[in-house]
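Residue numbers (the working numbering), protein chains in the order written: chain A, 1 to 119; chain B, 1001 to 1565. In this text, a Cβ means the ideal position worked out from N, Cα and C, and glycines have one as well. Source: prediction; values computed, not measured. Shown next, in structure tokens, is the structure this report addresses.
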């Protein structure tokens, strides 16, 4: 995988929940991959889209902007975004930017899926 | 043929002498009856008379010789009656030719004994005289060649730059010493549009005059190409095409051609089989590698192009193989390892060449005869760009112009240690290279991992801003980064070339407005930087931004920030 690239894999994990496994970096170069993955994940009966950041290597300010863009789309579609797998540094950045108020962070996938299915 | 020719000449001389020629008029008492000048007699090298005289035991009557010889006919026609061969060490070196006696009597036995005795004494003396004359002629020829070489040397000197480029912020020095009167090495500085400078170092195969002629041709062709073309690889490609048509077989030219933008420190270069130049930065010495065949070997060649940024304080050395392939008395080569080690040790280009030559002399020994031409061209970019940095890095202070990779005192009096200094082209993605290099440079300081992560994000974001906003994504403009440990603070200064646009004050983004679509989802960079550092300073002038990221390593882990301009 080249520097700056991301692979976003979508898994359907519940009746109204999809997980996007983020593997790589979230930068300007990953925009189309992330947007396509979100489109796939948020289709149909989806009410919750969970971002799995366990494979996140690097995210910059442009990447934060991309997450905001996803949030705008999710809000428009009345869907909830959630996340798990963030390391301490990026969890800190989520708090500094208050992204954690819009994207609820869970300790693991199971708890995130449970919350999404309860929406 | 040379011996034959000189033999004929010698016979000409002795034919004249023997007949009382004009250069040696007969000095007998009979000056009242001067003998007429006898014409010179040419004796062909294959004339059987030569062998005949060589074997003769004494004076020979011409009329008694019955062999078929054109020379004999000439001698008879000249009135020669008696020939006394002069033989030295078995070689016929001359003849005493005598006409009829004035008394018209035959030569007596006493006359012949006298003449034989005279010949036996005269032959070695004549031989010595011939050798002296031959040596004098050869000495004159050598002096003539030496004079021509002196003129060739002067002509070649006119083909080398008469003065070094005077570039603000740069120090350039050069050294050129051919192994013979003239050499095949050359170097050149070519003025190009937009204030750029073409740098050339080349080496024609062979030595001496042939190499010098090829060198002169190549220089002219390369200059012509460089004035019309921009890309160094294309310039070499074109020069190769033209040179291939004219260069003698089995000769070729290695050549490094680089284009320097003195403003940005950007160097674009291509290499036609020449020794790889070296770039010395604060973090080490690296080869400037680019591939390509020597010029003149084969048409249709292409040349790889590479580029580097020369940061303030960096050196570049271009050189020829006469330096690295010099041998010591034991036969060991000077080698590139020795060269790079010297570059490690020498901070200034102004002393780099002197240092190289001093070590070369020590290596080869005092009695060394220079084996090959030696050419050195050294560039150094001064540290002036850091003058734009805020106070922590010594702007306006005593260290501003002389920052070197050694410990010094900061204006505030604390320890001041340069950890890393480098530049990168303005290419998206290079911010991650900057981030990783800075992280590696602070890796031994025992900094908590959380702080290292903050450092990495702040460096990446600041570098990205410098690339995108400061340098407008123009690859040729460098982003220069310097990492200093100063009195317990880690200070990272990042400089771009976009000083005409002020850096806005960092503010806290309004997430609600972004989510409502009222603001762009982007615009997190400065806020992120400010959030990562303990202090952020911004300075600059008309052409530079300098952003200083300060991490207080002795304070508790945290991310409190303040901003000052």
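- [ ] Would you list, in chain order, the members of the stretch 84-107 of chain A that have their beta-carbon closer than 8 Å to a beta-carbon of chain B?
- [x] Correct list: 88, 89, 92, 93, 96, 97, 98, 99, 101, 102.
Task: According to DSSP, residues forming a beta bridge with residue 1548 (chain B) - done: Residue 1548 (chain B) is bridged to B:1493, B:1537.
Open item on the list: Any contact between the stretch 1313-1325 of chain B and the stretch 1372-1380 of chain B? By contact I mean 3 or more CB pairs, one from each, below 8 Å.
Closed with: Taking 8 Å as the limit for Cβ pairs, the verdict is that the stretch 1372-1380 of chain B does touch the stretch 1313-1325 of chain B.
- [ ] Measuring only between beta-carbons, confirm whether residue 1426 (chain B) sits less than 8 Å from chain A.
- [x] Answer no: the Cβ-Cβ gap between residue 1426 (chain B) and chain A never drops below 8 Å.
- [ ] List the residues of chain B that residue 60 (chain A) touches, going by C-beta distances under 9 Å, in chain order.
- [x] In chain order: 1431, 1432, 1457, 1460, 1461, 1464, 1524, 1525, 1528.
Open item on the list: Going by C-alpha to C-alpha distance, which of B:1167, B:1195, B:1233, B:1431 sits closest to residue 1270 (chain B)?
Closed with: The residue with the shortest Cα to Cα distance from residue 1270 (chain B) is B:1233.
TODO: Output yes if chain A places a C-beta closer than 8 Å to the C-beta of residue 1513 (chain B); else output no.
DONE: Not one beta carbon of chain A lies nearer than 8 Å to the beta carbon of residue 1513 (chain B).
- [ ] Kindly identify the DSSP beta-bridge partner or partners of residue 1190 (chain B).
- [x] BP columns for residue 1190 (chain B) point to B:1198.
Open item on the list: Let's test the definition: count the other Cβ atoms within 10 Å of the Cβ of residue 1509 (chain B) and tell me whether it reaches 16, buried, or not, exposed.
Closed with: Burial call: buried.
Task: Closer than 7 Å at the beta carbon, the chain A residues around residue 1531 (chain B) - done: Those within 7 Å of residue 1531 (chain B) in chain A are 96.
Open item on the list: Please list, in chain order, the residues of the stretch 25-37 of chain A that have any C-beta partner in chain B closer than 7 Å.
Closed with: Residues of the stretch 25-37 of chain A with a C-beta atom less than 7 Å from some C-beta of chain B do not occur.
Task: CB contact below 8 Å: residue 22 (chain A) versus chain B - done: The beta-carbon of residue 22 (chain A) is placed no less than 8 Å from the nearest beta-carbon of chain B.
- [ ] Assign residue 1489 (chain B) to buried or exposed, taking buried as 16 or more other Cβ atoms, counted over all protein chains shown, within 10 Å of its Cβ.
- [x] With 16 or more Cβ atoms within 10 Å of its Cβ, residue 1489 (chain B) is classed as buried.
TODO: Decide if the stretch 17-33 of chain A is in contact with the stretch 50-65 of chain A; the criterion is three or more beta carbon pairs, one per stretch, under 8 Å apart.
DONE: Three or more Cβ pairs drawn from the stretch 17-33 of chain A and the stretch 50-65 of chain A lie within less than 8 Å of each other, which places the two stretches in contact.
Task: Residue interval of the alpha helix (DSSP H) (run including residue 1112 (chain B)) - done: Where residue 1112 (chain B) is concerned, the enclosing alpha helix (DSSP H) stretches over 1109-1159.
Task: Cβ-Cβ distance between residue 102 (chain A) and residue 66 (chain A) below 8 Å - done: Contact flag unset, no.
Open item on the list: Less than 8 Å between the beta carbons of residue 1175 (chain B) and residue 1357 (chain B), yes or no?
Closed with: Here residue 1175 (chain B) is near residue 1357 (chain B), since their CB atoms are less than 8 Å apart.
TODO: Could you tell me whether the Cβ atoms of residue 1430 (chain B) and residue 1463 (chain B) are closer together than 8 Å?
DONE: For the pair residue 1430 (chain B) and residue 1463 (chain B), the CB atoms are nearer than the 8 Å cut-off.
- [ ] Using a Cβ-Cβ cut-off of 8 Å, state whether residue 1453 (chain B) counts as contacting chain A.
- [x] It does: the Cβ of residue 1453 (chain B) has a partner Cβ on chain A nearer than 8 Å.
- [ ] Please say whether residue 1494 (chain B) and residue 1466 (chain B) have beta carbons closer to each other than 8 Å?
- [x] Taking 8 Å as the Cβ cut-off, residue 1466 (chain B) and residue 1494 (chain B) qualify as a contacting pair.
Open item on the list: Can you list, in chain order, the residues of its chain with a C-beta nearer than 8 Å to that of residue 1219 (chain B)? Leave out the 5 residues immediately preceding and following it.
Closed with: Only 1159, 1186, 1188, 1200, 1202 meet the Cβ criterion.
TODO: Mark residue 1025 (chain B) as exposed unless 16 or more other C-beta atoms lie within 10 angstroms of its C-beta, in which case mark it buried.
DONE: Low local confidence applies: a pLDDT of 39 at residue 1025 (chain B) is under 50, so the model's placement there is unreliable, with the coordinate-based value given in what follows. Exposed, since its Cβ has fewer than 16 Cβ neighbours within 10 Å.
- [ ] Just mark residue 1103 (chain B) as buried or exposed, buried being the case when its beta carbon has 16 or more other beta carbons within 10 Å.
- [x] Looking at its Cβ environment, which holds fewer than 16 other Cβ atoms inside 10 Å, residue 1103 (chain B) is exposed.
- [ ] Would you kindly work out how many angstroms separate the C-alpha atoms of residue 1459 (chain B) and residue 1521 (chain B), rounded to a whole number?
- [x] For residue 1459 (chain B) and residue 1521 (chain B), the distance between alpha carbons rounds to 22 Å.
TODO: Look at residue 1474 (chain B) and residue 1426 (chain B) and say whether their C-beta atoms are less than 8 Å apart.
DONE: Their beta carbons are under 8 Å apart, which means residue 1474 (chain B) touches residue 1426 (chain B) by this criterion.
Task: Neighbourhood of residue 1072 (chain B) by C-beta, 7 Å cutoff - its chain only, sequence neighbours within 5 removed - done: Once the five neighbours on either side are set aside, the close Cβ partners of residue 1072 (chain B) are 1049, 1062, 1065.
Task: Residue burial classification, residue 1077 (chain B) (beta-carbon count within 10 angstroms, cutoff 16) - done: So residue 1077 (chain B) counts as exposed.
TODO: Leaving aside the five residues before and after residue 74 (chain A) along the sequence, list all residues of the same chain whose C-beta is less than 6 Å from its C-beta, in chain order.
DONE: If we look at residue 74 (chain A) and ignore the five residues flanking it on each side, its Cβ neighbours are 81.
Task: Backbone CA spacing between residue 1171 (chain B) and residue 1379 (chain B) [nearest angstrom] - done: Whole-angstrom Cα-Cα distance: 6 Å.
Open item on the list: Can you confirm whether the stretch 1549-1556 of chain B touches the stretch 1526-1537 of chain B when touching is taken to mean that 3 or more C-beta pairs between the two stretches lie within less than 8 Å?
Closed with: Verdict: yes, contact present.
Task: Inter-residue spacing [alpha-carbon to alpha-carbon] between residue 38 (chain A) and residue 8 (chain A) - done: Looking at the two C-alpha atoms, the distance is approximately 9 Å.
- [ ] Just list the alpha helix (DSSP H) runs in the stretch 1225-1254 of chain B, keeping only unbroken ones of 4 residues or longer that don't cross its boundaries, in chain order.
- [x] Within the stretch 1225-1254 of chain B, the complete alpha helix (DSSP H) segments at least 4 residues long are 1232-1246, listed from N- to C-terminus.
TODO: Return no unless some Cβ of chain A is closer than 8 Å to the Cβ of residue 1517 (chain B).
DONE: With 8 Å as the cut-off, residue 1517 (chain B) counts as an interface residue toward chain A.
Task: residue 1225 (chain B) versus residue 1214 (chain B) - alpha carbon distance - done: Their Cα atoms are separated by approximately 16 Å.
TODO: Tell me whether the beta-carbon of residue 1483 (chain B) lies closer than 8 Å to the beta-carbon of residue 1440 (chain B).
DONE: Annotated as distal: residue 1483 (chain B) and residue 1440 (chain B), with beta-carbon spacing of 8 Å or more.
Task: For residue 44 (chain A), three-class secondary structure by DSSP - done: The three-state secondary structure of residue 44 (chain A), taken from DSSP, is coil.
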